[in-house]
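One structure is given below, encoded as structure tokens.
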Amino acid sequence: MAPAAASATDATLDAVAVGGGPAGATAATELARRGRRVVLLDRQGKPKACGGAIPPRLIEEFDIPDSVLCARVSGARVMAPSGLTVEMPIRGGFVAMVDRAVFDEWLRARAAEAGAERIAGTFESLDRDSDGTAVVVYRPADAPREAVPRRLRTRFVIGADGARSAVARQALPDIGDGAYVIAYHEIVRTPPVGRDGYDPARCDVVYRGDLSPDFYGWMFPHGDTASVGVGTARPGFALKESVRALRVLCGLADAETVRGEGAPIPLRPLKRWDNGRDVVLAGDAAGVVAPASGEGIYYAMAGGRLAAEGVDEAFDSGDPAPLARVRKRFMKAHGGVFRALGFLQGYWYASDERRERFVAICQDVDLQNMIWQSYMNKKMMRASPRVYLRIIKMNIAHMLRLV
Ligand SMILES: Cc1cc2nc3c(=O)[nH]c(=O)nc-3n(C[C@H](O)[C@H](O)[C@H](O)COP(=O)(O)OP(=O)(O)OC[C@H]3O[C@@H](n4cnc5c(N)ncnc54)[C@H](O)[C@@H]3O)c2cc1C
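Numbered according to the working numbering, the sequence shown spans residues 413 to 815.
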């Protein structure tokens, strides 16, 4: 790391990460570890609405200890509109679950341990000093409404304040608001193991147009509780009624409801993540959630790390070009998976007839292994050429309705 640029005064921070979710906390940790003076600004509100499923690759790549996980899942039960149910065991692996209240706080504490300064407050606006330097204007969490907002003068801003990011809206007003699925889930108390078929080491994934017209329904076990939810991009869709029906399917109709909450899930990466000067977006703020699965935690952390690298390089060179490379690097690493999952969602989730066929092909053990390996390792896994060819032929036969 090079010393701080000469133009930065003592009162000027190197960076402010706005948002203390997986993206912002990871970005702040990385920058602090590189010796940068970074503030992590988070409004410290309610925990993020989230199913909490994370892959082993995240655990390895970001050094997540076992103590932060609330469950490990060894398979999924996938249900089709007809009621056809397919068991998909994870051979030689697992999916981990986190409680976001615990996980996010642990990530923020790690950022502070690395040297980031934590501030509890709400981002209000992005201002400029007379010399053009960015100023993050925020309201401290404990300040009365009439108090004058505080100001953080900073060389760089990482916008990691989630879907419908206020930082993105202000710093990149020309890129639009993005497209979203609205997801709603309920956290319920889980029954004793075995009651109503409940298995704390198995997820349920339900493909039914009446419950989730363009996404899927899920039940993810979290130990003493479980997340049961659905999503759709269709405005006005009765999400709460769907979750009620989903709970019946998953054997959790009578379980105590701890809370219910909804939030948008971005549908596709925004076309630009930086303002060509001193702001770069990461995570949901940049629109990076995998299509078809709605998985965003890993991609938020990967994006947060790349954003920190971009800021660090831009700081050293005095040239904002590395900020634009953040998106390029991300898409180079994950664009292929996003495209494949985008196709999967666009095609197989389009009607109940297709959902039925999709669940039917999930009976194939080689396909199951490819799906789980791709999820766990975050890259498209190929089987042997013979098996791969057979899976492609099976997909095509179903697409052409030959079977
Ligand atoms: C119902 C649901 C279920 C999901 N299930 C899964 C799942 O099982 N697995 C998975 O991988 N992904 C899942 N996702 C997606 C995942 O939750 C997100 O992709 C992920 O949280 C993105 O992380 P992030 O850090 O970019 O944003 P967020 O987690 O949204 O964090 C943003 C942070 O910014 C803070 N903030 C926002 N505005 C301000 C402001 N003005 N000032 C200060 N701070 C602010 C918030 O308090 C928050 O801490 C799910 C999403 C939903 C809605």
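Heads up, the beta-carbon is just placed ideally off N, CA and C, and yes, glycines get one too.
Report the three-state DSSP secondary structure of TRP518 (helix, strand or coil). Three-state DSSP puts TRP518 in a helix.
Exercise. Does DSSP classify PHE770 as helix, strand or coil?
Worked result: Reduced to three states, the DSSP call for PHE770 is helix.
Sequence-distant residues of the same chain with beta carbon closer than 8 Å to ALA420, five excluded per side = Unreliable positioning characterises ALA420 in this predicted model, as indicated by a pLDDT of 37, which lies under 50. The coordinate reading is nonetheless provided below. If the five residues before and after ALA420 are omitted, its C-beta is found closer than 8 Å to the C-beta atoms of ASP426 and ARG567, all from its own chain and listed in chain order.
Euclidean distance between Cα positions of ALA665 and PRO676: Taking C-alpha positions only, ALA665 is separated from PRO676 by approximately 25 Å.
Reference VAL642, options PRO633, GLY648, SER654 and GLU707, closest by Cα: Of PRO633, GLY648, SER654 and GLU707, the residue nearest in Cα terms is SER654.
Count the other C-beta atoms from every protein chain shown that fall within 10 angstroms of the C-beta of GLY747, then say buried if there are 16 or more, exposed otherwise. Classification of GLY747: exposed, given that the 10 Å Cβ count is below 16.
Considering only their Cβ atoms, is the gap separating ALA488 from VAL617 smaller than 8 Å? In terms of Cβ geometry, VAL617 and ALA488 form a close pair [threshold 8 Å].
Under a Cβ-count criterion, where at least 16 other Cβ atoms within 10 Å of its own Cβ denotes burial, should ARG620 be classed as buried or exposed?
Flag for ARG620 reads buried.
Margin query: Could you pull the DSSP bridge partners for SER639 from this structure?
Written below: Beta-bridge partners assigned by DSSP to SER639: ILE599 and PHE632.
- Task: Measure the CB-CB distance between ALA712 and ALA694 and report whether it falls below 8 Å.
- Result: Yes; because the gap between Cβ atoms is below 8 Å, this pair is in contact.
### Message
Beta-carbon within less than 6 Å of ILE531's beta-carbon, same chain only, minus the 5 sequence neighbours each way: which residues are those?
### Response
Sequence-distant Cβ neighbours of ILE531 in its own chain, meaning closer than 6 Å and more than five residues away, are VAL451 and LEU453.
If contacts are defined as beta-carbon pairs under 8 Å, then ARG680 and GLY699 qualify, I think. What distance do you get, rounded to the angstrom? Between GLY699 and ARG680 the Cβ distance is about 6 Å, and since that is below 8 Å, they are a contact.
### Query
What residues are listed by DSSP as bridge partners for MET788?
For MET788, which the question treats as bridged, DSSP gives no partner whatsoever.
Flag PHE632 as yes when its Cβ comes closer than 7 Å to any non-hydrogen atom of ligand 1, and as no otherwise. Because some heavy atom of ligand 1 lies under 7 Å away, the Cβ of PHE632 counts as near it: yes.
Exercise. Pick helix, strand or coil for ALA526, following the three-state DSSP scheme.
Key: DSSP places ALA526 within a helical segment (H, G or I) once states are collapsed to three.
Fully enclosed by the region 689-747, which beta strand (DSSP E) runs are 3 residues long or longer? Listed in chain order, the complete beta strand (DSSP E) runs (minimum 3 residues) inside the region 689-747 are 691-693.
Practice prompt. Please state whether DSSP places PRO585 in a helix, a strand or coil.
Written response: DSSP places PRO585 in helix when its eight states are reduced to three.
- Item | MET788 versus PRO797: straight-line alpha-carbon distance, rounded | Roughly 21 Å between the two C-alpha positions.
query: Are there 16 or more other CB atoms within 10 angstroms of the CB of GLY433, so buried, or fewer, so exposed?
result: The residue in question, GLY433, is buried, as its Cβ has 16 or more Cβ neighbours within 10 Å.
Original post:
Closest to PHE727 by CA distance: which of ALA437, GLY447 and ALA435 is it?
Top reply: Looking at ALA437, GLY447 and ALA435, the one whose alpha-carbon comes closest to that of PHE727 is GLY447.
Quick check on MET811: buried or exposed, where buried means 16 or more other Cβ atoms within 10 Å of its Cβ?
In this structure MET811 is exposed. Its beta-carbon is surrounded by fewer than 16 other beta-carbon atoms within 10 angstroms.
Shortest alpha-carbon distance to ALA437 belongs to which of ARG802, GLN456 and ARG769? Cα-wise, what sits closest to ALA437 is GLN456.
Are the beta-carbon atoms belonging to ALA645 and ASP626 less than 8 Å from one another?
-> In terms of Cβ geometry, ALA645 and ASP626 form a close pair [threshold 8 Å].
Which of the three DSSP states is assigned to TYR800 in this structure? Shown here, TYR800 sits in a helix according to DSSP, grouped into three states.
Can you confirm whether the region 563-577 touches the region 602-617 when touching is taken to mean that 3 or more C-beta pairs between the two stretches lie within less than 8 Å? Between the region 602-617 and the region 563-577 there are fewer than three inter-stretch CB-CB distances shorter than 8 Å, so the stretches are not counted as touching.
Closer than 7 Å: CYS662 CB and nearest ligand 1 heavy atom
False, no ligand heavy atom lies under 7 Å from that Cβ.
Between which two residues does the alpha helix (DSSP H) carrying ALA398 extend?
This structure cannot speak to residue 398, because the chain is shown only from 413 to 815.
Point to revise | Boundaries of the beta strand (DSSP E) in which THR825 is found, first to last residue | key: A question about residue 825 goes unanswered here, because the residues of the chain that appear run from 413 up to 815.
### Message
Restricting to runs no shorter than 4 residues, where is the alpha helix (DSSP H) found entirely within the region 414-470?
### Response
Counting whole runs of 4 or more residues, the region 414-470 contains the alpha helix (DSSP H) stretches 434-445.
Checklist entry - Do we get a CB-CB distance below 8 Å when we pair THR602 with the residues of chain B? => result In summary, chain B is missing from the structure at hand, where a single protein chain is found.
* Would a C-beta distance cut-off of 8 Å place VAL514 and VAL430 closer than the cut-off? -> Against a cut-off of 8 Å, the Cβ pair of VAL430 and VAL514 comes out as no contact.
(Q) Let me check one thing: in DSSP terms, what residues is SER537 bridge-paired to? (A) DSSP, once it has assigned bridges, lists VAL549 as partnering SER537.
Notebook entry, point to check: CB ASP586 to CB ARG565, shorter than 8 Å?
Noted result: No, these two residues do not count as a Cβ contact at 8 Å.
* Can you list, in chain order, the residues of its chain whose CB lies under 7 Å from that of GLU499, leaving out five sequence neighbours each side? -> Same-chain partners within the cutoff: GLY487 and ARG489.
Problem - Residue closest to LEU682, alpha-carbon to alpha-carbon, out of PHE632, ALA575 and TRP630 - result: Closest option to LEU682, judged by alpha-carbon separation, among PHE632, ALA575 and TRP630: ALA575.
Mind checking whether the beta-carbon of HIS597 lies closer than 7 Å to any heavy atom of ligand 1?
The answer is yes for HIS597.
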